[in-house]
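Beneath this line is the structure, given in structure tokens, with notes to follow.
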Amino acid sequence: MSNYPVNETALLLVDPLNEFLSEGGKLWDFTKTTAQATRTVENLKMLVETCRDKGVLVVYTLHHAYCDGDYDNWKFLNPSHQGGVLRIFRLKET
């Protein structure tokens with residue numbers, strides 16, 4: 004086990020989005036089998052709690068913000084990309 008200086012260490016959580024990690028998320032149906040089997044949410048909660056208890060900074064950040072044309076040249080979109088693109092188009096139409 005390594006010891007890292009708390010004042011120089013942070014836990015960086017990239018895109019822990021409700022869309023993928025909660026039953027109310029629009030993309031939950033695509034991720035729930037894996038998320039439940041690996042106890043993703045429970046493990047993330049335990050990791051965050053442990054870091055906070057030890058004084059480690061916890062940072063949440065976005066991976067990418069969608070821009071028009073991001074997926075225009077993608078030949079194969081996976082279901083999570085398709086769901087995100089469809090949701091964005093629906094939001095723009097309203």
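Mapped onto the numbering used here, the consecutive letters of the sequence shown carry residue numbers 4 to 97.
Glycine included, each C-beta is placed from N, C-alpha and C at the ideal position.
Item	Value
Cut-off 8 Å between Cβ atoms - residues of its own chain near Gly-58, not counting five sequence neighbours on either side	Val-9
Spatial distance of Thr-12 from Leu-47 (CA atoms)	17 Å
Cα-Cα separation between Thr-64 and Val-44, rounded to whole angstroms	17 Å
Sequence-distant residues of its chain with Cβ nearer than 8 Å to Leu-50 (five each side left out)	Leu-14
Collapsed DSSP secondary structure at Thr-97 in the structure displayed	For Thr-97, the predicted model reports a pLDDT of 44, less than 50, meaning its position is unreliable; a value from the coordinates is still stated below. Note: Thr-97 maps to coil in three-state DSSP.
Lys-64 - containing beta strand (DSSP E), residue span	Position check: residue 64 holds Thr in this sequence, whereas Lys was assumed. Where Thr-64 is concerned, the enclosing beta strand (DSSP E) stretches over 60-64.
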